[in-house]
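Here the protein sequences come in this chain order: A and B. Here this note's numbering is used: the first residue of the first sequence is 20, the next is one more, and so on. Here this note's numbering is used: the first residue of the second sequence is 20, the next is one more, and so on. Glycine residues also receive a C-beta, built at the ideal position from the N, C-alpha and C atoms. Here the structure is a predicted model, which means the values were calculated and not measured.
2 protein chains.
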Amino acid sequence: MYSHQSPSSSHDQPDQPDQFKLLLNQEGLRLTNQRQKILEIFMDRTKGYHLSAEDIYQHLSSQGERISFSTIYRALHILVSLGVLREIELIEHKKYYEFNHPNIAPHHHLVCIQCGEVTEFEEDSIIDISHREAQNRNFSMLSCQFTIYGLCSQCQASDIW
Amino acid sequence: MYSHQSPSSSHDQPDQPDQFKLLLNQEGLRLTNQRQKILEIFMDRTKGYHLSAEDIYQHLSSQGERISFSTIYRALHILVSLGVLREIELIEHKKYYEFNHPNIAPHHHLVCIQCGEVTEFEEDSIIDISHREAQNRNFSMLSCQFTIYGLCSQCQASDIW
DNA sequence: ATCATATCGAAAACGATTTTCAATATTTTT
DNA sequence: AAAAATATTGAAAATCGTTTTCGATATGAT
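What follows is the structure, given as structure tokens:
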């Protein structure tokens, strides 16, 4: 079981885990051990920006943490609904999640269909276009996804066709 | 080889089925009955622009045609690889196909996440942006997909939240 | 403590798609 | 026109990422 006195209560600095706890509690949800571990992975940018459920499972397993896919998927859904994560589908049939830092501008993706490398780019006009097109049709826009598929320079070089 | 006197040779106007046959034959493939039926659906625009495998199955079934999903999926893949159809993923985990009329400019989609209504729009700057971003990163662009998700005017009205 | 509720993991279910495989159809070769 | 080679078919099983079910467990509130 977890310790009674939260490890963060001894700090002065506002503690991110506590913020997440609050967010979850507001919805009657709990910041469990597993959910905390998942959040830690997203906050550690060295582990990648775009993580799939599989990636998370691998990360935690390699640290010796035992977690089930059901728990991972459930946590991801919750975190998306709370606005903590953003869900994107870079490869068909596979969802990726990224930390939804509110200060970070919305961005779009370039995907290499060979090696799977993902690069981001920002482009304000995309959002402008989206808004304009949505308005033209009396749509209320909720989100948009713009993805460019191609071959990265390395994969272009290694391809002989 | 193919029939000696092609049924279209009596026409002056070039016959589309024969063009498809040619296209397929060039790859050692055959324009079978089932493939022809599928093509007919796409050419009849009153049946919708964006069709899923399920849609095609329903259309053919309602006409009394018997066809299996395996055949539909196989045909769709072939037609995409030949450039006859274009594949898009408007809803997660579900692919739609549209006739890839070469004279029609590339277009993008607005999807109502409530009722599923799909509207198209053209916007040349999307392609321009794609090319620019791809070049910036030494990507060779193969395709891009831009989709705006939101609520259509009707679904906005019927929603009380 | 006790009760209500949230969460967990394992395993089964899902849904769209893909593959396998034996039977059938079409084309090409004789 | 038969035989041989090849492509296509449908039914059923397999995939794959994801979701749900369910009984066991953990947490939070009274």
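Item                                                                                                                : Value
Near-chain A residues of the region 85-100 of chain B - C-beta to any C-beta below 9 Å                              : none
Backbone secondary structure at Val103/A - three-state DSSP                                                         : coil
Where Ser177/A meets chain B, residues with beta-carbon distance less than 7 Å                                      : Ordered by position in chain B, no residue passes the 7 Å Cβ test against Ser177/A, which lies about 13 Å from the chain.
Residue nearest to Arg85/B in terms of C-alpha spacing, selected from Gln164/B, Gly47/B and Ile57/B                 : Ile57/B
Residue span of the alpha helix (DSSP H) that contains Leu79/B, given as start and end                              : Ala72 to Ser81
Any non-hydrogen atom of the ligand NAP closer than 8 Å to Glu136/B Cβ                                              : The ligand NAP is not part of this structure, which contains no ligands at all.
Cα-Cα separation, Asp63/A to Phe39/A                                                                                : 15 Å
Below-9 Å beta-carbon distance, Thr138/A vs any chain B residue                                                     : yes
Candidates Leu95/A, Asn44/A and Leu79/A, of which the one nearest Tyr115/A by Cα                                    : Leu95/A
The region 156-173 of chain B contacting the region 153-173 of chain A, beta-carbon criterion three pairs below 8 Å : yes
Separation of Gln45/A from His112/A, as counted between CA atoms                                                    : 32 Å
Interface residues of chain B facing Ser144/A [CB-CB closer than 8 Å]                                               : Ser144 and Ile148
C-alpha distance - Arg54/A paired with Glu106/A, whole-angstrom precision                                           : 17 Å
His69/A at chain B interface by Cβ criterion, 9 Å                                                                   : no
Pairwise C-alpha distance: Gln82/B and Thr65/B                                                                      : 15 Å
Between the CA atoms of Ala153/B and Ile140/A - distance to the nearest angstrom                                    : Before going on, a small fix: residue 140/A reads as Phe here, not Ile. Using only the alpha carbons, I get a separation of about 10 Å.
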